[in-house]
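Q: The numbering of the sequence shown is the numbering used here, which starts it at 1332 and goes up by one.
Just so you know, even glycine gets a beta-carbon here, dropped at the ideal spot from N, CA and C.
Could you have a look at this structure, given as structure tokens, before my questions?
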Amino acid sequence: MSKTKVRDMTKGSPMKLLLLFSLPVLLGNVFQQLYNMVDTIIVGRYLGYQALAAVGTTGSLNFLVLGFANGLTSGFSVMVAQRFGAKDEAGLKKAEASAVTLCAGFTVALTVLSLFTARPLLTLIHTPEDIIGDAVIYISIIYAGIAATIMYNLLACLLRAVGDSRSPLYFLMISSLLNIVLDIVLIRYGGLGVAGAALATVISQLVSGLLCLLYIRRKYPILHLSKEDFKVPVSMYRRHLNIGLPMAFQFCITAIGTVVVQGALNLFGTEKIAAFTAASKAEQLVTQPAVTFGVAMATYSGQNLGAGKTDRIKEGVAKCTVLTLTCAVISMIILFLFGTPLTKLFMTAEEMDAAVLDEILSAAQMYLRQAALFFPFLNMIFVYRNVLQGIGRSFMPLMGGVFELMTRMAASYILPGVLGFRGICLAGPLAWVSAAVPLGIAYYYLRRRNFFLLSEGK
């Protein structure tokens, strides 16, 4: 089937398979978070906390667009994983070809729309005047590079769909190191400011995508496409969109919630934005194991659904639950013990007013300790959401996102007036609870009704 060994997750120990598949993905995600942290550290240390806040205030808008793109590419790879599990090579190639076509169209639309709406949205969320200029420059360059992001995400998802989680890791490591080098060159020596940070991100993302493409061409004949493969029935495009769009909108809905939170946060000033940005980077780093197990569950459940092995999916969810809750406890401990030192990495203390530094560190500590208490709910979102998406049931994860959005919006409008900045810190954790509970209920309800067969329309 292929020159390179692919991982068939339809047989063998579920726990072992999940761990073996997840380890490379985890290393890749952690490495990506580390280089994102380094990227932010370089901005904060070389350009100051105002530049850090400028980059940070674009995070929700960045997630709004790139999260939508990530949801699409993840959704478009579900059918590839299912056809791989069913040993249907012809069907796999047609699923891949139609995914490529759809991604090309969405790339053009997203790039144009995001570039035109960047400044108006930053104004809408009350971005402070002292940082909005840098924020517009940074996010516009990131948006101009959407094609590179979609290219890497799609190719990485295709490799994972056939069980290869290692190769995307290697290419991500290379691009991450490149990004750090480019950051230093473009910011410190090139004098490009936040534009240099954005250019470094886009260039490194493009390199990782090209490396994935070259590797697929050399090692994976099963993923090689011909003109005949692009002769795809309309029903296959419809099937892709039925899976991919709900996943994309789920990301988008979550992102809208973060935009609302960002708008409420921006009213507290540049120092609080800088604290929230630094703390968020630390939080994202320690929660990567849960994200990774979610990725593994999507591929695992998709392959086993294609093979008709529904009992293995149930067993896999049980094993993954144990793994992800264990990770939640470890993540809590790390943030309670090392949250403040992690935050300090983003600051140049000797060049900052002591009162400003204390305000930033205190606000960051408040955010991290409150968020950590809710990690079990966050981690279970990744389990339930990804298994449902992996078997093609994307509507329920979408509704989980709707609950999450409603909670974020309500918390952002109500809690700051009552609790101040602490209310902003609680908006995300409360949203995790509101999403995790219905997703868990949906999973167990459909499981009792043999939902795996229903997913295939049987």
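Taking C-beta to C-beta, are Ile1477 and Thr1442 nearer than 8 angstroms?
A: Going by C-beta atoms, Ile1477 is nearer than 8 angstroms to Thr1442.
Q: What alpha helix (DSSP H) runs, 4 residues minimum, are completely inside the segment 1644 to 1705?
A: You should have 1685 to 1703.
Q: Identify, in the order they occur along the chain, each residue of the same chain with its Cβ nearer than 7 angstroms to the Cβ of Leu1517, setting aside the five sequence neighbours on each side.
A: For Leu1517, where only same-chain residues beyond five positions count, the Cβ hits under 7 angstroms are Leu1523, Gly1527, Leu1530, Ala1531.
Q: Within 10 Å of its beta-carbon, does Arg1491 have 16 or more other beta-carbons around it, so buried, or fewer, so exposed?
A: Per the 10 Å Cβ criterion, buried.
Q: State the start and end residues of the unbroken alpha helix (DSSP H) segment that holds Trp1461.
A: Contrary to the premise, residue 1461 reads as Asp rather than Trp in this sequence. 1460 to 1475 is the extent of the alpha helix (DSSP H) around Asp1461.
Q: Mark Pro1564 as exposed unless 16 or more other C-beta atoms lie within 10 angstroms of its C-beta, in which case mark it buried.
A: Result: exposed.
Q: Taking the alpha-carbon positions, what's the Ala1767 to Asp1514 distance?
A: Going from the Cα of Ala1767 to the Cα of Asp1514 covers about 37 angstroms.
Q: Return helix, strand or coil for Asp1642, following the three-state DSSP convention.
A: Note: Asp1642 maps to helix in three-state DSSP.
Q: Taking C-alpha atoms, which residue in Met1368, His1457, Asp1461 lies nearest to Gln1381?
A: It is Asp1461.
Q: Answer with buried or exposed for His1555, where buried requires no fewer than 16 other C-beta atoms within 10 angstroms of its C-beta.
A: By the neighbour-count rule (16 or more Cβ atoms within 10 Å), His1555 is not buried but exposed.
Q: How many Å lie between Ala1400 and Ser1662 at the Cα?
A: Answer to the nearest angstrom: the Cα atoms are 28 angstroms apart.
Q: What are the uninterrupted segments assigned as alpha helix (DSSP H) that are 4 or more residues long and contained completely in the segment 1435 to 1461, given in chain order?
A: Correct list: empty.
Q: How big is the Cα-Cα spacing for Ala1659 and Arg1700?
A: Going from the Cα of Ala1659 to the Cα of Arg1700 covers about 13 angstroms.
Q: For Tyr1483, which residues in the same chain have their Cβ closer than 7 angstroms to its Cβ, ignoring the five residues on either side in sequence?
A: Closer than 7 angstroms at the Cβ level, and outside the excluded window around Tyr1483, lie Gln1536, Ser1539, Gly1540, Cys1543.
Q: Would Asp1465 be called buried (16 or more neighbouring beta carbons within 10 Å of its own) or exposed?
A: Its Cβ being crowded by 16 or more others within 10 Å, Asp1465 is buried.
Q: So Gln1696 and Gly1670 are in contact, right, with Cβ under 8 angstroms, and what is the actual spacing, rounded?
A: The pair is a contact, with the Cβ atoms about 6 angstroms apart (cut-off 8 angstroms).
Q: Keeping to the same chain, check which residues put their C-beta closer than 6 angstroms to that of Met1368; ignore five residues upstream and five downstream.
A: Once the five neighbours on either side are set aside, the close Cβ partners of Met1368 are Lys1612.
Q: So, with DSSP's three-state summary, where would you put Pro1329?
A: Because the chain here runs from 1332 to 1789, residue 1329 falls outside it and cannot be looked at.
Q: Do Phe1415 and Leu1423 have their C-beta atoms closer together than 8 angstroms?
A: It is a contact, given that the beta carbons lie within the stated cut-off.
Q: Using the three-state DSSP reduction, which class does Ser1611 fall into: helix, strand or coil?
A: DSSP places Ser1611 in helix when its eight states are reduced to three.
Q: Do the CB positions of Arg1388 and Gln1593 come within less than 8 angstroms of each other?
A: Note that residue 1388 is Thr in the sequence shown here, rather than Arg. Yes, Cβ-Cβ distance for Thr1388 and Gln1593 is below 8 angstroms.
Q: I'd like the span of the alpha helix (DSSP H) that includes Phe1599, first residue to last.
A: No alpha helix (DSSP H) contains Phe1599, which DSSP labels as neither H nor E.
Q: Please say whether Pro1769 and Met1730 have beta carbons closer to each other than 8 angstroms?
A: Yes, they are a contact pair.
Q: Measure the alpha-carbon distance for Phe1607 versus Phe1447 and round it to whole angstroms.
A: Answer to the nearest angstrom: the Cα atoms are 27 angstroms apart.
Q: Got a sec, what are the start and stop residues for the alpha helix (DSSP H) Lys1418 sits in?
A: Counting along the chain, Lys1418 falls outside any alpha helix (DSSP H), and DSSP gives it neither H nor E.
Q: Between the beta-carbon of Phe1624 and the beta-carbon of Leu1654, is there less than 8 angstroms?
A: In this structure, Leu1654 lies closer than 8 angstroms to Phe1624 by Cβ.
Q: Taking the continuous alpha helix (DSSP H) assigned at Thr1738, which residues delimit it?
A: Its alpha helix (DSSP H) spans residues 1726 to 1750.
Q: If we ignore side chains and look at the alpha-carbon of each, how far apart do Gly1600 and Lys1550 end up?
A: The alpha-carbon atoms of Gly1600 and Lys1550 are separated by roughly 51 angstroms.
Q: From Leu1349 to Ser1566, what distance separates their C-alpha atoms?
A: Their backbone Cα atoms lie some 32 angstroms apart in a straight line.
Q: Rounded to a whole number of angstroms, what is the C-alpha to C-alpha distance between Arg1716 and Ala1417?
A: Cα to Cα, Arg1716 sits roughly 23 angstroms from Ala1417.
Q: Under three-state DSSP, which class holds Thr1618?
A: Three-state DSSP puts Thr1618 in coil, outside helix and strand.
Q: Below 8 angstroms between beta carbons: does that hold for Ile1473 and Asn1393?
A: A contact, by the Cβ cut-off of 8 angstroms.
Q: Please classify Ser1539: does DSSP put it in a helix, a strand, or coil?
A: Note: Ser1539 maps to helix in three-state DSSP.
Q: Buried or exposed: Lys1603, going by 16 or more other Cβ atoms within 10 Å of its Cβ?
A: When all chains shown are included, Lys1603 counts as buried.
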